[in-house]
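This report concerns only the one structure given below.
Numbering (the numbering used here), first residue to last: -14 to 342.
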């Protein structure tokens, strides 16, 4: 495929990320490909995703060098511009990045030559009863030691808005949208609606809506299920709810999740992919639903999500199972799958892996 311009999102606090960025710039220079750094901290204030991508010259490939947090930044930029995103892995506990840092040169070669697959990932967007804003005094507290915050989400002008449907916000989330309490000594009270129907009223530390991609992030830490990133759905998970029903609920992709702050609740903060973006007062609400656009993630081969799950979570085998001997594979991976299994996502035979002639 043609790569005319690359945008770099670099975790500047890691020396290996800075070195890898030099390798990417060198490859771009050798191949007459434009390259621009996308620096969200430029000039002392955060820019919107659209402003950041336009400043970088509208790249058609975003390369992130860091962990999952860096990838989330790059994903937001790529989704805004419908660009590809390639994550180079420099993190410690991530599920999003694709390429080991030592293979960044060969990965760029594979993208240029079209030896890749493009994985489509579900994204979230939202409407709200009001514009999302962060109070000035709170912004000052959060700015300390962290740098400038993201600007308030813009309203999507192309979408109709009304009193019942709220305002359409220009928001993209790859992992999750979180509504959480502001006061340490008081939980937030929220009515939760799925597909327009009241599920329950919760008193909790937080409530979140995650994508399948985000199921291994905050939702997992809160006791939510692990969902294949290839799946479609919205994962609703309460965090420390003061009620008996504390389970996650997985809704269909066309079933929006609405969260309304109840009348006698305290204020609640809205975070999108870990970034605080606004504060809601009692009576305010947000509606979270699948975005029309998708993230286009570069893959160099089949993603071993479950192998990575085992590795990242340090999963160990039950002693009783080990006492029964080594587990045998469900099917032989050295032979082609039979016809009735050919349509399934099965492991490759050893000779069919990447790099085999």
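Beta carbons are placed, not taken as given, at the ideal position from N, Cα and C, and that holds for glycine.
For clarity, every value in this text was computed on a predicted model and none was experimentally measured.
(message) Can you confirm whether the segment 306 to 316 touches the segment 224 to 233 when touching is taken to mean that 3 or more C-beta pairs between the two stretches lie within less than 8 Å?
(response) no
(message) Between the alpha carbons of residue 122 and residue 115, how many angstroms are there, rounded?
(response) 20 Å
(request) Entirely within the segment 61 to 143 and at least 4 residues each: give me those alpha helix (DSSP H) ranges in chain order. (result) Look at the segment 61 to 143 and you find these whole runs of alpha helix (DSSP H), each 4 residues long or longer: 89 to 98 and 121 to 128.
(message) Residues in the same chain with beta-carbon distance under 6 Å from residue 59, minus the five sequence neighbours each way, listed in chain order, please.
(response) -6, 47, 49 and 70
(request) Can you grab the Cα-Cα spacing for the pair residue 314 / residue 177, in whole Å? (result) 43 Å
(request) Please name the residue in 86, 112 and 21 whose C-alpha comes closest to that of residue 144. (result) 112
(message) Distance check for residue 87 and residue 216, CA to CA, integer angstroms please.
(response) 30 Å
(message) By DSSP's criteria, residue 174 is part of a beta bridge. Which residues make up the other side?
(response) 188
(request) Could you name the residues of the same chain whose beta carbon sits closer than 7 Å to that of residue 101, not counting the 5 residues immediately before and after it, in chain order? (result) Answer for residue 101: 95, 283, 284 and 285, listed in chain order.
(message) Rounded to whole angstroms, what is the Cα-Cα separation between residue 253 and residue 194?
(response) 15 Å
(message) In the DSSP assignment, the alpha helix (DSSP H) including residue 290 goes from what residue to what residue?
(response) Taken as a continuous stretch (DSSP letters only), the alpha helix (DSSP H) holding residue 290 covers 290 to 297.
(message) If you measure between the beta carbons of residue 43 and residue 10, is that distance less than 9 Å?
(response) no
(message) Which residue wins for smallest C-alpha separation from residue 151, given the options 316, 273 and 287?
(response) 273
(message) Output needed for residue 225: all residues of its chain with C-beta closer than 7 Å, excluding positions within five of it in sequence on either side, in chain order.
(response) 189 and 190
(message) Tell me which residue opens and which closes the alpha helix (DSSP H) that residue 11 is part of.
(response) 0 to 15
(request) Would you mind listing the beta strand (DSSP E) stretches within the segment 240 to 281 that are 3+ residues and don't spill past its ends, in chain order? (result) 242 to 246, 253 to 257, 260 to 265 and 270 to 275
(request) Locate the beta strand (DSSP E) running through residue 306, then write down its first and last residues. (result) Run containing residue 306: none in the beta strand (DSSP E); it sits in the alpha helix (DSSP H), 304 to 308.
(request) Give me the Cα-Cα distance between residue 324 and residue 260, rounded to the nearest whole angstrom. (result) 47 Å
(request) Mind checking who residue 197 pairs with in its DSSP beta bridge? (result) Bridge partners of residue 197: none, in fact.
(request) Could you tell me how far apart the beta carbons of residue 344 and residue 153 are, in whole angstroms, since I believe they sit closer than 8 Å? (result) As shown, the chain starts at -14 and ends at 342. That puts residue 344 outside it, with no answer to give.
(message) Looking at residue 247: is its Cβ nearer than 9 Å to the Cβ of residue 223?
(response) no
(request) Would you mind working out which of 5, 73 and 155 sits nearest residue 64, comparing C-alpha positions? (result) Answer by Cα proximity: 155.
(message) Please report the straight-line C-alpha distance between residue 135 and residue 118, rounded to a whole angstrom.
(response) 11 Å
(request) Name the two residues that bound the continuous alpha helix (DSSP H) containing residue 206. (result) 203 to 206
(message) Going by C-alpha to C-alpha distance, which of 83, 93, 110 and 92 sits closest to residue 61?
(response) 110
(message) I need the DSSP call for residue 324, collapsed to helix, strand or coil.
(response) helix
(request) Please report how far the alpha carbon of residue 18 lies from the alpha carbon of residue -12, in whole angstroms. (result) Straight-line Cα distance between these residues: approximately 7 Å.
(message) Within 10 Å of its beta-carbon, does residue 298 have 16 or more other beta-carbons around it, so buried, or fewer, so exposed?
(response) exposed
(message) Within 10 Å of its beta-carbon, does residue 138 have 16 or more other beta-carbons around it, so buried, or fewer, so exposed?
(response) buried
(request) Just confirm the distance between the C-beta atoms of residue 89 and residue 72, as a whole number of angstroms; I'd bet it's less than 8 Å. (result) That pair is no contact at about 11 Å.
(message) Suppose you measure from the CA of residue 331 to the CA of residue 214; what does that come to, to the nearest Å?
(response) Those two C-alpha atoms are separated by around 16 Å.
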